[in-house]
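Trainee: Residue numbers (the numbering used here), protein chains in the order written: chain V, 1 to 447; chain H, 1001 to 1447.
There are 2 protein chains.
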Amino acid sequence: MATRSTIMDTNSYRDEFVDLLPPQEKELIQRRSQLLGSAYRLFYRKPVHLVRGRGQYLWDAEGNQYLDVYNNVASVGHAHPVVVEAVSRQLRQLNTHTRYLHEAILDYSERILATMPAAIDTAMYMCTGSEANDLAVRVAQRYTGGQGVIVTREAYHGTSALTSGLSPALGAGQEMLPTARTVAAPDPYRSGSAELAQQFAATIQAQIDDLAEEGVKFAAFLADSIFSSDGVFPNHPGMLAAAIDVVHRNGGVFIADEVQPGFARTGEAFWGFARHNLVPDLVTTGKPMGNGMPISALFAKKDVLAAFGDHIPYFNTFGGNPVSIAAAQAVLDVIETERLQEHAQEVGTEFLTALRQVGVAHPSAVGDVRGAGLFIGFELVTDPESKTPDKALALDLLEELRERRVLTSVAGPFGNVLKLRPPLPFAAADISWVCEALDISLTVLGR
Amino acid sequence: MATRSTIMDTNSYRDEFVDLLPPQEKELIQRRSQLLGSAYRLFYRKPVHLVRGRGQYLWDAEGNQYLDVYNNVASVGHAHPVVVEAVSRQLRQLNTHTRYLHEAILDYSERILATMPAAIDTAMYMCTGSEANDLAVRVAQRYTGGQGVIVTREAYHGTSALTSGLSPALGAGQEMLPTARTVAAPDPYRSGSAELAQQFAATIQAQIDDLAEEGVKFAAFLADSIFSSDGVFPNHPGMLAAAIDVVHRNGGVFIADEVQPGFARTGEAFWGFARHNLVPDLVTTGKPMGNGMPISALFAKKDVLAAFGDHIPYFNTFGGNPVSIAAAQAVLDVIETERLQEHAQEVGTEFLTALRQVGVAHPSAVGDVRGAGLFIGFELVTDPESKTPDKALALDLLEELRERRVLTSVAGPFGNVLKLRPPLPFAAADISWVCEALDISLTVLGR
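1. So, is V:A428 buried or exposed, given that buried needs 16 or more other C-beta atoms within 10 angstroms?
2. First and last residue of the alpha helix (DSSP H) that includes V:V139?
3. If you count every other CB in all the chains shown that lies within 10 Å of the CB of H:S1193, and 16 or more means buried, which is it?
4. 9 Å is my cut-off, CB to CB: does V:A119 come that close to chain H?
5. At the level of alpha carbons, what is the spacing between V:S432 and H:H1080?
6. Please go through the segment 1148-1187 of chain H and give each complete alpha helix (DSSP H) segment of 4 or more residues, from N-terminal end onward.
7. Note down the Cα distance separating V:Q198 from V:A242, rounded to an integer number of angstroms.
8. For a contact defined as C-beta to C-beta under 8 Å, what are the partners of H:S1167 on chain V?
9. The beta strand (DSSP E) that contains H:F1200, what's its start and end?
10. Is H:I1255 closer than 9 Å to H:P1234 when the C-beta atoms are compared?
11. Quick check: what's the CA-CA separation for V:D310 versus H:P1237?
12. So, is the C-beta of V:P422 closer than 9 Å to a C-beta in chain H?
13. Following the continuous beta strand (DSSP E) through H:Y1108, name the residue where it begins and the one where it ends.
14. Please report the straight-line C-alpha distance between V:K419 and V:F375, rounded to a whole angstrom.
15. When you compare the CB positions of V:S324 and V:Y125, do they come within less than 9 Å of one another, or not?
16. DSSP state of V:V434, grouped into three classes?
17. Below 8 Å on the Cβ atoms is my guess for H:G1158 versus H:S1191; work out the distance and round it to an integer in Å.
18. Taking 7 Å as the limit between beta carbons, can you name the residues of its chain near V:M8, skipping five residues before and five after?
19. Any idea what DSSP makes of V:A269, helix, strand or coil?
20. Would V:A184 and V:T152 be called neighbours here (beta carbons separated by less than 9 Å)?
21. Note the first and the last residue of the continuous alpha helix (DSSP H) segment covering V:R402.
22. Looking at the unbroken beta strand (DSSP E) that takes in V:S409, where does it start and where does it end?
23. With a 10 Å radius around its C-beta and 16 neighbouring C-beta atoms as the bar for buried, classify H:A1086 as buried or exposed.
24. Between V:I255 and chain H, is the shortest Cβ-Cβ distance under 9 Å, so that the two count as touching?
25. Which two residues bound the contiguous alpha helix (DSSP H) that contains V:E16?
26. Between the Cα of H:N1316 and the Cα atoms of V:D303, V:L305, V:M293, V:F308, which residue gives the shortest distance?
27. What separation, rounded to the nearest whole angstrom, lies between the Cα atoms of H:E1175 and V:D121?
28. Quick check on H:K1499: does DSSP put it in helix, strand or coil?
29. Pull up the CB-CB distance for V:C127 and V:I295, whole angstroms please, since I reckon it's below 8 Å.
30. To the nearest angstrom, how far is it from the Cα of V:T284 to the Cα of H:L1380?
31. Tell me which residues share the same chain as V:A307 and place their Cβ nearer than 8 Å to its Cβ, disregarding the 5 neighbours each side in the sequence.
32. Comparing alpha-carbon positions, which option in H:L1135, H:D1060, H:F1043 lies nearest H:L1305?
33. Check whether the Cβ of H:H1102 lies closer than 9 Å to any Cβ atom in chain V.
34. V:F375 by DSSP, collapsed to three states: which one?
35. Who are the Cβ neighbours of V:E27 in its own chain at under 6 Å, not counting the five residues just before and after it?
36. Could you name the residues of chain V that H:N1064 contacts, counting a contact when the two beta carbons are closer than 7 Å?
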């Protein structure tokens, strides 16, 4: 059976916090609750009202500057001038669809496919990570003839009917697909086992067997290799190879969801799967691909994709349009010219070291600090011996950090892991802002 | 049972046409087939290679100017400077998501909801029409507790797993949902009945009964009120009221898919459903909303939406971001300042009259010309008595029109209806370009 959680509701404004708010924000929230559906959530007990961004910094309506340590959409930096100019230029020229010929989509496809293993040789474009995962699962099901999909226990893969049913992170209100199964993400902090890679592979085999017992043929393992919403588990490079061997031995495909680790963020590699020396069958991307322009993609082995594409036309009106492609090209330009992958590795390593020092100064609260490049999990516990997750502390800490103008949020099944994932220009000079804010906040909170 | 078609493949390049192509286009097509998935389709036997657009005009790589009589995405005109400037300005400022407070999404929601019946009072934002329909169907299913969805026989509602299963236009390769049923779109040309409204309502009741017999509770009727992919049937205003009464009497909801008729296109009203004096329960939008920026929306009665939103968080990373909203606001500005709704009605009426004159000059080929505003169907038949659809003529005609630099495509279960749906700035002066091209092309084709 698939297990469920309610993590999505953790860092959220609720009406009981209304008296914390200044008048302008109170009015905006009242308008929101009147105009927008109740499915919408705001971050923070005291939500932030942003009006401007640049690089890794954001400003609110009163001119306060924030350090963004959370948003991987504006991955090469908020309002990056190279991306802004590329998009504006193409908007003045032409914005149409893929039923007419256009070079830009081909030039981009060649460039991005060159960053992948040669077996991944085909591209398709959509607008959101949800759309990419929705299509990837359908392709996997057509190719394998199976329906069973395995995801991790706290996974989030999208917001469509199909991908919501593969996203236990959405909470108990959202039913999982009957053909879905979950496995716990590989957590070296709590497992402590030297055999974690084999154990993880074995849990996948067990779920494949469970599907088979109920007459469901296995189709795919869909995972983000840094296990972002499970609590950020980069693990050691190569660690996932055994699990993917199990997937392939059972006739399934591996869909690497690169919405989180892709586009140079982990420093060690351009793609999350590449840290593990894997060749996925399907790769999906989203958030950072266009630095905020709605573009996503499915990259695939030609024969896997053909099982779908030879029989069903797929047309995504806005997918792969010249403007979105211009944004995506500019993102690659910036990553190269600003050496952001190397930068993510260098500054990420320095950041990790500094965060571990905060942990040393607050040993009763900080259980583990782990990361790859600029993707770091900072885990809060009630005490380091029991490793009991301290969600209350994590939520209080978020608010304290917000008061010190450091924006982040939480992840993991217990909502106790700070997810530190800044825009890639995040600089060595920003580290002290975060670490001092963490240090003071933990002290203020008596930890 | 749901019936199927293969219309999606009609106006498509196929490899057998390769020798028609100049060298540059041949090379682009070879790169496409190598780099992009086989699910992609190109328009025309001799695809068009576009590099620039402005207003209702497009230019190819050799500098040839085309009249665009097809694309409703760049609805207020290709590269409209007001939209370009609004998007560029906001890109320089901030592009982030709905978990922080921002005025723009609230200002836009107030403005767009003011164009609808008061009962439709809540907005949610996505990136594509597919995402809007996917969510709308899930909301309808939660609200009603049913699963059954009725669509028209040639409907296209999206590309996600759920919406593909509600899109018979995708052809026989795509399975329909077992809980889907189809009805023929109301076709006054072929039915000739004065009782068409009642007959259409009765076919919906029959499908609701058929669902009930198989134990499936009825949830929704999902339709585009101009029946675009069914062959463009505007019908007379008010005609759909009886059908929607049946939907409501059976406890279902009506989802008005406004991706096609919305945003002033029909001239007679800002929304397609408004032509019929209806109050839908859910309204979805897409293509024209941001003039090419990927933005879509679901507008809803608060209580209908609450059945979903009170239980499941919905977060669409790029949905409702300030840049997409800036595009959508600019589109409304342009529609107002350029009086595009009035313009669509005036020039659309004139266009319809001129097209009917073409029909009079070619009575053996043109069976019917019908439309509302700038959404016109031009139906080709083998002879006007039998009304037998002439798909071969329609496809030949498309290519002849392309040679005369008029871009359009076909619709309908038989692929024999030209879908004339230009950007709204389409001017009275453009009418003769289209009509002369049609006249000469039909003559060249011996009709």
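The C-beta atom is built at its ideal place from N, Cα and C for all residues, glycine as well.
Mentor: So, to answer that:
1. exposed
2. Per DSSP, V:V139 belongs to the alpha helix (DSSP H) from 129-144.
3. exposed
4. no
5. 46 Å
6. 1161-1164
7. 6 Å
8. The premise fails here: H:S1167 is roughly 10 Å from chain V at the closest Cβ pair, so nothing lies under 8 Å.
9. From DSSP, H:F1200 is part of no beta strand (DSSP E) but of the alpha helix (DSSP H) over 1196-1213.
10. The Cβ-Cβ distance between H:P1234 and H:I1255 does not fall below 9 Å.
11. Looking at the two C-alpha atoms, the distance is approximately 41 Å.
12. no
13. Counting along the chain, H:Y1108 falls outside any beta strand (DSSP E), though it belongs to the alpha helix (DSSP H) covering 1103-1113.
14. 7 Å
15. yes
16. helix
17. With 8 Å as the limit, H:G1158 and H:S1191 do not qualify as a contact, their Cβ atoms being about 28 Å apart.
18. Confidence at V:M8 is low in this model, with a pLDDT of 49, below 50, so the placement of that residue should be treated as unreliable; the coordinate-derived value is given next. Within its own chain, the residues whose Cβ lies closer than 7 Å to the Cβ of V:M8, once the five positions on either side in sequence are excluded, are A169, L170, G171, listed in chain order.
19. The DSSP-derived three-state label of V:A269 is coil.
20. yes
21. 391-403
22. 409-411 is the extent of the beta strand (DSSP E) around V:S409.
23. buried
24. no
25. For V:E16, there is no enclosing alpha helix (DSSP H), as DSSP gives it neither H nor E.
26. V:M293
27. 27 Å
28. Since the displayed chain H opens at 1001 and closes at 1447, residue 1499 of chain H lies outside it and no answer follows.
29. Their Cβ separation, rounded to whole angstroms, is 6 Å, which keeps V:C127 and V:I295 in contact under 8 Å.
30. 43 Å
31. V139, R142, Y143
32. H:L1135
33. yes
34. strand
35. Correct list: empty, nothing qualifies.
36. Result: empty, since nearest Cβ-Cβ is about 13 Å, beyond 7 Å.
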